[in-house]
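Engineer:
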Amino acid sequence: MKKKVGIIVKHIVLAFLAVVWLLPILWLVVTAFSGYKGINISHFFPETWSIDNFVQVLFKPDSVVQYVTWFKNTLVIAVFTCIISTIFVVMVSYAMSCMRFKGREGMMSFSLILNMFPGPLLMIAIYFILKSIGLTNSHLGMIIVYSAGSGLGFLIVKGFMDTIPESLREAAHIEGASEVTTLIKVVLPLCKPIIVYQIISSFLIPWGDFVFAKLMLNSGLSKDWTVAIGLYNMLDKSLINQYFAVFCAGGLLISIPISILFVLMQKCYVEGVTGGAVKG
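Each step along the sequence shown adds one to the number in numbering that gives the first Met the number 0, with nothing skipped, and position 255 is 254.
#1: Could you spell out the range, first to last residue, of the alpha helix (DSSP H) harbouring Leu-74?
#2: Check whether the segment 99 to 116 touches the segment 227 to 244, taking contact to mean three or more Cβ pairs, one atom from each stretch, closer than 8 Å.
#3: Assign Ser-177 to buried or exposed, taking buried as 16 or more other Cβ atoms, counted over all protein chains shown, within 10 Å of its Cβ.
#4: Give a yes or no on whether the C-beta atoms belonging to Lys-36 and Ala-212 are separated by under 9 Å.
#5: Return the residue from the list Ala-147, Met-264, Cys-97 that minimises the CA-CA distance to Lys-191.
#6: Any chance the segment 123 to 143 sits against the segment 68 to 82, with 3 or more Cβ pairs inside 8 Å?
#7: Can you tell me where the alpha helix (DSSP H) with Asn-52 in it begins and where it stops?
#8: Less than 9 Å separating the beta-carbons of Val-63 and Tyr-242?
#9: Measure the alpha-carbon distance for Lys-1 versus Ala-14 and round it to whole angstroms.
#10: Ignore the nearest five residues each way along the sequence and tell me which others in Gln-287's own chain have a CB closer than 6 Å to its CB.
#11: Between Phe-53 and Ala-124, what straight-line distance do the alpha-carbon atoms span, to the nearest angstrom?
#12: Assuming Leu-252 contacts Val-56 (C-beta within less than 8 Å), just tell me the rounded distance between them.
#13: Residues in its own chain within less than 7 Å of Phe-70 by CB, not counting five upstream and five downstream?
#14: Hey, how far is the Cα of Gly-271 from the Cα of Leu-129?
#15: Kindly identify the DSSP beta-bridge partner or partners of Trp-48.
#16: Does DSSP classify Asp-42 as helix, strand or coil?
#17: Within 10 angstroms of its Cβ, does Asn-72 collect 16 or more other Cβ (buried), or is it exposed?
#18: Out of curiosity, what's the CA-to-CA distance linking Lys-236 and Ser-149?
#19: As an exercise, report each continuous alpha helix (DSSP H) stretch of at least 4 residues that is fully enclosed by the segment 226 to 273, in chain order.
#20: Measuring only the C-alpha atoms, how far is Ala-171 from Ser-84?
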């Protein structure tokens, strides 16, 4: 009886947490399909339903809503950051896992210490450095910053590479393969799950970032904004009563691509996380 009561209590707590977590998401979805543009706090579900908010977001840009332009900006930054960051992380992980050289242990320890330094404390310094070379209000500057320190996050990928038998690399070297050939033709094909994990992780950072993007893209030109900045601008007190439902529609649309990506690559993503945690 005591065990059954414990199970019931756990399920009640989990159900309560699920409701708390899902309620704001449900409200965002139903508000996006509302016929009322502002915040309707008198009814949870809208009295009238409409897809006008999605039509305005996608097909009727104005001085406030330029969603398609923001989406393109965000996609360009995220894709290039994803490619560059993944290459950096794979290269550093291979060097730390599969190669032996003087100072390797010290470099690993130093890299881990640097990786634990709070990123927000660096933002002001990074901003003034980029300003001095003319890369503020630039998508290129954001890509550089997002990608520059990505190699420090090598630990999980390295842990996965540690599980690959050393005999495979030795056989490749006996056949005359260089380190680059060994990485591309031997190690990478065995690292598909962790590569998928790294791609998704690298893509998500610029896709949903607001703080650094807001700091960098501060010229006031909405055509340069990312989706996060553009949606945040709709919550201004002078605009919220006309654009809150549009904000909800935009927030719903921006979540669809990454949700599809997660569903399609869920198996590889989970294998990458668990596999990379086997060894440090």
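We treat Cβ as the ideally placed atom computed from N, Cα and C, and that holds for glycine.
Nothing here was measured: the structure is a model prediction, and the numbers come from that model.
Structural biologist: Reading from the atomic positions:
#1: Taking the first residue of the sequence shown as 1, we reach residue 74 at position 75. Taken as a continuous stretch (DSSP letters only), the alpha helix (DSSP H) holding Leu-74 covers 66 to 97.
#2: Touching, no.
#3: Residue 177 sits at position 178 when you count from the first residue of the sequence shown. Exposed, since its Cβ has fewer than 16 Cβ neighbours within 10 Å.
#4: Mapped onto the sequence shown, residue 36 falls at position 37. Mapped onto the sequence shown, residue 212 falls at position 213. No. Outside cutoff.
#5: By one-based count along the sequence shown, residue 191 stands at place 192. If we check each option's Cα against that of Lys-191, Met-264 comes out closest.
#6: yes
#7: Position 53 of the sequence shown, counting from 1, holds the residue named residue 52. Unbroken alpha helix (DSSP H) run through Asn-52: 51 to 58.
#8: The residue labelled residue 63 in the question sits at position 64 within the sequence shown. The residue labelled residue 242 in the question sits at position 243 within the sequence shown. Cβ atoms of Val-63 and Tyr-242: closer than 9 Å.
#9: Counted from its first residue, the sequence shown places residue 1 at position 2. Counted from its first residue, the sequence shown places residue 14 at position 15. Going by the C-alpha atoms only, they are around 20 Å apart.
#10: Residue 287 is absent from the structure shown; the chain starts at 0 and stops at 279.
#11: Residue numbering aside, residue 53 sits at position 54 when the sequence shown is read from its first letter. Residue numbering aside, residue 124 sits at position 125 when the sequence shown is read from its first letter. In a straight line, the C-alpha of Phe-53 is about 39 Å away from that of Ala-124.
#12: Locating residue 252 in the sequence shown gives position 253, where the first residue counts as 1. Locating residue 56 in the sequence shown gives position 57, where the first residue counts as 1. So it is a contact: roughly 7 Å between Cβ atoms.
#13: By 1-based counting over the sequence shown, the position of residue 70 is 71. Hits under 7 Å: Val-226.
#14: In the sequence shown, residue 271 corresponds to position 272, counting from 1. In the sequence shown, residue 129 corresponds to position 130, counting from 1. Legend: pLDDT at Gly-271 = 49, less than 50; position of this residue unreliable, no value from coordinates given.
#15: Along the sequence shown, read from residue 1 onward, the residue named residue 48 stands at position 49. DSSP, once it has assigned bridges, lists Ser-33 as partnering Trp-48.
#16: Position 43 of the sequence shown, counted from the first residue, corresponds to residue 42. Strictly speaking, residue 42 in this sequence is His, with Asp absent from that position. DSSP places His-42 in coil when its eight states are reduced to three.
#17: Reading the sequence shown from its first residue, position 73 is the one you call residue 72. Classification for Asn-72: buried.
#18: As a first step, residue 236 must be located in the sequence shown, where it is residue number 237. As a first step, residue 149 must be located in the sequence shown, where it is residue number 150. One C-alpha to the other measures close to 37 Å.
#19: 226 to 232, 239 to 263
#20: By one-based count along the sequence shown, residue 171 stands at place 172. By one-based count along the sequence shown, residue 84 stands at place 85. Just so you know, the alpha carbons of Ala-171 and Ser-84 end up roughly 27 Å apart.
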